[in-house]
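S.K.:
Chains as they are written, first to last, in this note's numbering: chain D, 26 to 452; chain Y, 1212 to 1668.
Have a look at this one:
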């Protein structure tokens, strides 16, 4: 709550550019809200929010007009499971803050701390149409150390301030093969360990004072980890469970039922085989639609048809990008799901409104609706296609620079490339 | 020396029958000990009509016909009559390209499922393992071959990994279902040797307190290896004029093949400065580099690479995993192309290898946005004719021209878009993939009876 009040105060202190009123006119607006797609319409952005959207909206006096010329306008994309703000170069430990192996900090690891809004990765991802991300911890395994949870994910914005939108949007847990390895080598061990941990957390939540006086039994986790898990056992924070095998997915659903947990499945390579169970449990799924390799014994049933089948079964599905530096490929992943048979609108929903709903942010982002924060992208073609590129990007109502370190490098060397060919022509 | 090798090679080829062996197999006394047993499937003649054809020569034919006979392209053009007896494939509304060629693949040596026992691409026991051959580790049942086939990939170069300075020989494969690697080997394709600059070798060995621990060590060990190779080649030469041949040395045999020009250097190298050093080092020992792989900074020296005639096999999207990959730009391939060079989009990845066409599309769109005008007909060369050149098989595949092997892909849409699906794929005129015909979709042996394989998937 305090964090949210602080965020609100900081938003008020934001530079005046956010207060500029902008009218995007003549856009083909894929609102991803109840208004559906508006074939030719106007969006008014005021004070960082969407003030109005529709076919017959008057441009307010004094507004800066952006002519969309019939181009597609979409909500900004949301990269789920990203390292944005936490990582600079994967192979350089000092530039990689996605995980830690400190004893006693597992569930308590909070990706909302230490965010770097100056990261080189952010403009690159943004040029892929991504305006928000779920900064998600990954395990940093150390030999001989059991680390059940990777920590808590945070929602972040890729433009404007502050970068942190909301901390603690999910608790990251791997089950299946990776979880089994961390629990000593077998799935059953992790399941037993988790049940013991959840029992500890519930006990701790009831008896904090007794714990601090040393009057409780020993718990498996540190005080910080126990505290971090209280919202999980109380169903206030979803557990983001990495799992692929059909039987493992059923086990996670059973665990969630027994422990009364909110769960989001991640990966779910064989989700299509248990789609009805997932739908019945009303559990959402985050997946990477191009993941079709039988890369392990828990994903032998991986197929490009996974996303389409889950969605057709009524599962709420969000798509992921290709990790760390490759988040900008998120939109192509959605396009590939469309190529595999998913309706185009559903592909777009899986990188906009669906992840917003999955992480409890749909009141603020994910669609172009009055009152929502103004994250928008104007495209020169199809936003899900390799041949489409963004022409303008707004985050919280602010136009974002259309450059990155990469475009600067390109522009530094392009003249020499051009000169070399004109010399060639002269020869 | 080249003459000696050629004579030996011809003798061996004659003994083995008509099947062509590698185009020169180095200084080896037995130039082709693991000969290709691949034979094209005999098929009746075929015509693809009414398609938009990107021929791989740079040309684009809006409404064209391709005639295929005896596994070869017989004719291609806008106004071709279809002779009687040809099976006709209706290409209207569809696009046809040459079969895609992945110039950098680890399929079969880095297989799925990835288990501790199936990682066969890095013989990470010494910085120079020029003696190992990728083909000795290729698992033809790797399910990833079929997935690449469904992405239109008809030829792949399988390389050892980049943990070593000299990782071993590559092998070029036809992407056909087979029980042995010999039955996939591209007949007559030259061998390549995988060399690696930069972070990977120095990290692999420096971490064990061994050389190379620095880029200085990288180059010193390369030079030492080629000094030894030059000496071996001299001794072989002397043997050719009547002396005693040296005892065979598999490591030196490969490197002598490089000095001979028979084995093509496939050089993993990210940074512009390191590529320039490698070019000079090649000059020191008298060999040329056929292609730089990954080469994310090629755009910085694109005019030089064009002058040197060295291909650049790279990505559009991948960047930043390592310091040496930090300066990657999406426009790398179009900038190499614009400088008059040989640009290639490669995969190095079994997921990306299923959509080389899309990766080329990303590079194409980024280049156009930056003002680099590349036609579709030119850009398709990045995944067809240019990788054929890097692999030394450009006279055989990579374009749709009379006499070329009939490796073809029928796409549902513009192949550079994310929506293009490879509807049908042919290798040597024989169907190997058909989205609507289960006969051409069979998964590898490994997946039979495994969970989730039941149709429909």
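From the three backbone atoms N, C-alpha and C, an ideal C-beta is built for every residue, glycine too.
Between Y:1389, Y:1330, Y:1567, Y:1613, which has its C-alpha nearest residue 1370 of chain Y's C-alpha?
M.R.: Y:1330
S.K.: Who are the near neighbours of residue 1531 of chain Y in its chain, counting only those whose CB is closer than 8 Å to its CB and skipping five residues on each side?
M.R.: 1537, 1539
S.K.: When you check each C-beta in the segment 1573-1593 of chain Y against every C-beta of chain D, which residues fall closer than 7 Å?
M.R.: 1573, 1576, 1580, 1581
S.K.: Using a Cβ-Cβ cutoff of 8 Å, what residues of the segment 1540-1553 of chain Y are near chain D? List them in chain order.
M.R.: Cβ proximity to chain D below 8 Å picks out 1540, 1541, 1542, 1546, 1549, 1550, 1551 from the segment 1540-1553 of chain Y.
S.K.: What is the DSSP secondary structure of residue 1325 of chain Y, reduced to helix, strand or coil?
M.R.: Here residue 1325 of chain Y sits in coil by DSSP.
S.K.: Between the alpha carbons of residue 1654 of chain Y and residue 1355 of chain Y, how many angstroms are there, rounded?
M.R.: 9 Å
S.K.: Using a beta-carbon distance cut-off of less than 8 Å, what residues from the segment 378-389 of chain D approach chain Y?
M.R.: none
S.K.: Check the Cβ of residue 1538 of chain Y against every Cβ in chain D and list those closer than 9 Å, keeping chain order.
M.R.: Neighbours of residue 1538 of chain Y in chain D, taken as residues whose beta carbon is under 9 Å from its own, are 430, 431, 434 in chain order.
S.K.: Look at the Cβ atom of residue 1305 of chain Y, then the Cβ atom of residue 1621 of chain Y, and state whether they are nearer than 8 Å.
M.R.: yes
S.K.: Within 10 angstroms of its Cβ, does residue 1649 of chain Y collect 16 or more other Cβ (buried), or is it exposed?
M.R.: exposed
S.K.: Work out the CA separation of residue 57 of chain D and residue 1504 of chain Y for me, nearest whole Å.
M.R.: 42 Å
S.K.: Just verifying my parser: in three-state terms, what is the DSSP assignment at residue 119 of chain D?
M.R.: helix
S.K.: Taking only three categories from DSSP, how would you classify residue 74 of chain D?
M.R.: Note: residue 74 of chain D maps to strand in three-state DSSP.
S.K.: Counting along the chain, where does the beta strand (DSSP E) carrying residue 1299 of chain Y start and finish?
M.R.: 1298-1301
S.K.: Decide if residue 380 of chain D is buried, meaning its Cβ has at least 16 other Cβ atoms within 10 Å, or exposed.
M.R.: Under this definition residue 380 of chain D is a buried residue.
S.K.: What residues from chain Y crowd round residue 206 of chain D, counting only those whose CB sits closer than 8 Å?
M.R.: The contacting residues do not exist; residue 206 of chain D stays about 12 Å from chain Y at best.
S.K.: Measuring straight from C-alpha to C-alpha, what distance separates residue 441 of chain D and residue 1469 of chain Y?
M.R.: 32 Å
S.K.: Return no unless some Cβ of chain Y is closer than 8 Å to the Cβ of residue 278 of chain D.
M.R.: no
S.K.: First and last residue of the beta strand (DSSP E) that includes residue 1478 of chain Y?
M.R.: Run containing residue 1478 of chain Y: 1475-1480, per the beta strand (DSSP E) assignment.
S.K.: Scan the segment 1346-1377 of chain Y for residues whose Cβ lies nearer than 8 Å to a Cβ of chain D and list them as they occur along the chain.
M.R.: Here the close residues are 1354, 1355, 1358.
S.K.: With 9 Å as the limit, tell me which residues of the segment 229-249 of chain D have their beta carbon closer than that to any beta carbon of chain Y; keep them in chain order.
M.R.: Residues of the segment 229-249 of chain D with a Cβ closer than 9 Å to any Cβ of chain Y: none.
S.K.: Per the DSSP calculation, residue 177 of chain D is bridged to which residue(s)?
M.R.: Residue 177 of chain D is bridged to D:135, D:196.
S.K.: Given that residue 317 of chain D touches chain Y, what residues does it touch there, using C-beta distances under 8 Å?
M.R.: 1358, 1562, 1565
S.K.: Less than 8 Å between CB atoms is the rule here; does residue 164 of chain D satisfy it with respect to chain Y?
M.R.: Cβ-Cβ to chain Y under 8 Å: no for residue 164 of chain D.
S.K.: Got a sec: which bits of the segment 356-381 of chain D sit with their beta carbon under 8 Å from any beta carbon on chain Y, in order along the chain?
M.R.: 357, 360, 361, 363, 364
S.K.: My guess is that residue 1623 of chain Y and residue 1631 of chain Y are in contact by the Cβ rule of under 8 Å, so how many angstroms apart are they, rounded?
M.R.: 6 Å
S.K.: Starting from the Cα of residue 180 of chain D, find the closest Cα among D:47, D:155, D:168 and give me that residue.
M.R.: D:155
S.K.: Rounded to the nearest angstrom, how far is the Cβ of residue 1260 of chain Y from that of residue 1293 of chain Y, given a contact under 8 Å?
M.R.: Sure, about 6 Å apart at Cβ, within 8 Å.
S.K.: Report the option in Y:1647, Y:1263, Y:1610 whose CA atom is closest to the CA atom of residue 1283 of chain Y.
M.R.: Closest in alpha carbon position to residue 1283 of chain Y, among Y:1647, Y:1263, Y:1610, is Y:1610.
S.K.: Which residues in the same chain as residue 1198 of chain Y place their Cβ atom closer than 6 Å to its Cβ, once the five residues preceding and following it in sequence are excluded?
M.R.: No answer is possible for residue 1198 of chain Y: the residues shown for chain Y start at 1212 and end at 1668.
S.K.: Exposed or buried, which one is residue 1299 of chain Y when buried takes at least 16 other CB atoms within 10 Å?
M.R.: exposed
S.K.: What are the residues that DSSP puts in a beta bridge with residue 1644 of chain Y?
M.R.: Y:1636
S.K.: Rounded to a whole number of angstroms, what is the C-alpha to C-alpha distance between residue 445 of chain D and residue 1663 of chain Y?
M.R.: 54 Å
S.K.: Drop a sphere of 10 angstroms on the beta-carbon of residue 1548 of chain Y, count the other beta-carbons inside from all chains shown, and report buried for 16 or more, exposed for fewer.
M.R.: buried
S.K.: Using 8 Å as the Cβ pair cut-off and three pairs as the minimum, do the segment 1550-1567 of chain Y and the segment 389-408 of chain D touch?
M.R.: no
S.K.: Do you know whose CA, among D:310, D:244, D:345, D:327, lies nearest residue 358 of chain D's CA?
M.R.: D:345
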